[in-house]
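Residue numbers (the working numbering), protein chains in the order written: chain A, -11 to 507; chain B, 86 to 158.
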């Protein structure tokens, strides 16, 4: 704009404003955008358009730019991060969408202020916050040197604090280093597109640092994060799928922790599915089955939304609905390690308990576990500590907790899966088997050093098996109900109504609102 | 015509193979049973089709995600 031709009238000023805004909306320019489109990758603004209810995006900071270096003023439309507010299913959300076409969506002064604003508003005014991640990290050289550091970093003492006032969602949609990685870890739900990378720093930098070539997939690919680290909840093939999953996740959540989740309609056929349980549960206690099939017979049709399906597979966690109301399902899966809980399984369940309890979602345990996995590998991963984290989280929950012992429930795991007073109410199936230790091992322990014959051991084992049935719990009221498997859905719906937090309108005390996000 | 790999979900060994090459299967049918941590783990067909190849036989050790057999549909 020529200095001597400054707009004078309101009309001229508005016209000039319109031109600036239009230029800012072009992001990194038509060429860069076209290349992404050709590669089947969405851009910062198209992602927002698809994610939000049509026409509801109200942008904040469109004219924000980098003012650190004069030459960057014209090269940083929206300062590389598109931020604002909108609606999803008619409910308010805040959103930050990284624009990789502008300096790799790197973080700098102006865009960090934008994030701070959206974050503060969402937290204080009570609605979810969504990060669409694709960022190269902090902007260089803006942040270099002591003055750069002092200006750019560390000025917000609450930048990474979470009190889980409102749900946070993160999508890993490309290279995510620095802030996109941080927010993915802090989020309640993280979805990752295959091919994207989530790591502290880029493969290029890592290669430089260790003097060896580092492959992006090894450093932070979808397999690493969905199977080994568990930092990602679900993996998808495309940006569009990721956005659909965000909408789906949010449909299970309240807008903020002071309200209960929305109630949905119950799909026709949900009650009828309950009878299929008898076809899935094997007659033999030695036969495994996929507990997700049982879950699908109990919850409202197609309402089960699994978290971390490929991590800690011995446990299954996911959101679902019963009679239209959101619940958090926790189950042992006999398909994996016979349902024995390992460290990853413990971590997965603990994290899930924290999320459900923080957002007023009742918890339902479906139990079939021979105990914890024992051995050196688990001990190296601090198994006893993880088991205790799990117990602490379970015992700090103030949302209703229900437990159904389907088959095995042994030892300490009996407690971790809600046994005894670790649930508000426990039900057992007639197939339940409860004891401290599997009779086979227990026989060895009690006859240790006593020179018992095989016949004597056999008799001891049989006696133990006879005393492990559901009756032992029912007769001393250590279980509150005995139910047939096909009545589980009906039982849970009724019990949830009984256990509803009436005095607080369904709101828990959120003892774990500040629980760490990774541990 | 698509080939579907049927993969193991567990670490264990092959206990019983219930079908033969050429058999027609429906999604959900049990093709074989693995043994893992003293449990019998059924391997079910993920799709309808015909079994074209077995990559394992009884007593073979198997790993998570290892392909056990293929189905043509």
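Each residue gets a CB set at the ideal place from its N, CA and C atoms; glycine is no exception.
Fair warning: this is a prediction, and the values are worked out from it, not measured in the lab.
- Pairing residue 115 of chain A with residue 57 of chain A, the inter-Cα distance amounts to about 35 Å.
- When 9 Å is used as the limit between beta carbons, residue 275 of chain A is near these residues of chain B: 118, 124, 125, 126 and 127, in chain order.
- Cβ contact annotation for residue 391 of chain A (same chain, cutoff 6 Å, sequence separation greater than five): 353, 406, 411 and 414, in chain order.
- In the DSSP assignment, the residues bridged to residue 110 of chain B are B:134.
- In the same chain as residue 281 of chain A, and ignoring 5 residues on each side of it, the C-beta atoms closer than 6 Å to its own belong to 268, in chain order.
- Relative to the Cα of residue 171 of chain A, the nearest Cα in the group A:149, A:48, A:184 and A:183 belongs to A:149.
- For residue 385 of chain A, there is no enclosing alpha helix (DSSP H), as DSSP gives it neither H nor E.
- When the alpha-carbon of residue 71 of chain A is set against those of A:48, A:125 and A:253, the nearest one is in A:48.
- Around the beta carbon of residue -3 of chain A, a 10 Å sphere encloses fewer than 16 other beta carbons of the protein chains shown; the residue is thus reported as exposed.
- For residue 301 of chain A, no beta strand (DSSP E) run applies, since DSSP gives it neither H nor E.
- Distance between residue 401 of chain A and residue 357 of chain A, taken at the CA atoms: about 7 Å.
- DSSP places residue 93 of chain A within a helical segment (H, G or I) once states are collapsed to three.
- In the structure shown, residue 127 of chain B falls within a strand segment according to DSSP collapsed to helix, strand and coil.
- 9 Å or more divides the Cβ of residue 166 of chain A from the Cβ of residue 185 of chain A.
- When C-alpha distances from residue 86 of chain B are compared across B:100, B:149 and B:135, the shortest belongs to B:135.
- Across the structure, residue 39 of chain A and residue 76 of chain A are spaced so that their CA atoms are roughly 7 Å apart.
- Linking residue 279 of chain A to residue 6 of chain A through their CA atoms gives a straight-line distance of about 57 Å.
- Assigned with DSSP and collapsed to three states, residue 31 of chain A falls in coil, not helix or strand.
- By the rule that beta-carbons nearer than 9 Å mark a contact, residue 144 of chain B does not touch chain A.
- With at least 16 other beta carbons inside 10 angstroms of its own, residue 327 of chain A counts as buried.
- Here residue -3 of chain A carries a coil assignment [DSSP, helix/strand/coil].
- Here the region 238 to 246 of chain A lies against the region 335 to 352 of chain A, with 3 or more beta-carbon pairs under 8 Å apart.
- Proximity to residue 466 of chain A across A:94, A:310 and A:423 peaks at A:423, based on C-alpha coordinates.
- Residue 137 of chain A: member of the alpha helix (DSSP H) spanning 133 to 140, first to last residue.
- Taking a contact to require three or more Cβ pairs closer than 8 Å, the region 99 to 113 of chain B and the region 129 to 144 of chain B qualify as touching.
- Taking the CA atoms as reference points, residue 485 of chain A sits about 12 Å from residue 493 of chain A.
- Using a CB distance cut-off of 9 Å, residue 110 of chain B does not count as an interface residue toward chain A.
- The C-beta of residue 188 of chain A has fewer than 16 other C-beta atoms within 10 Å across all chains shown, which makes the residue exposed.
- Interface annotation for the region 323 to 339 of chain A against chain B: 323, 324, 325, 326, 327 and 328, criterion Cβ-Cβ distance under 9 Å.
- Under a criterion of Cβ atoms nearer than 7 Å, the residues of chain A adjacent to residue 95 of chain B are, in order, 323 and 324.
- Our two residues, residue 264 of chain A and residue 491 of chain A, have alpha carbons roughly 36 Å apart in a direct line.
- A straight line joining the alpha-carbon of residue 469 of chain A with that of residue 459 of chain A spans about 11 Å.
- Beyond the five residues adjoining it in sequence on each side, residue 240 of chain A comes within less than 7 Å, by CB distance, of 249, 293, 307 and 314 in the same chain, given in chain order.
- In this structure, DSSP gives residue 47 of chain A an extended state, which the three-state scheme calls strand.
- The beta-carbon of residue 280 of chain A is placed no less than 9 Å from the nearest beta-carbon of chain B.
- Under a criterion of Cβ atoms nearer than 9 Å, the residues of chain A adjacent to residue 121 of chain B are, in order, 276, 323, 324, 325 and 326.
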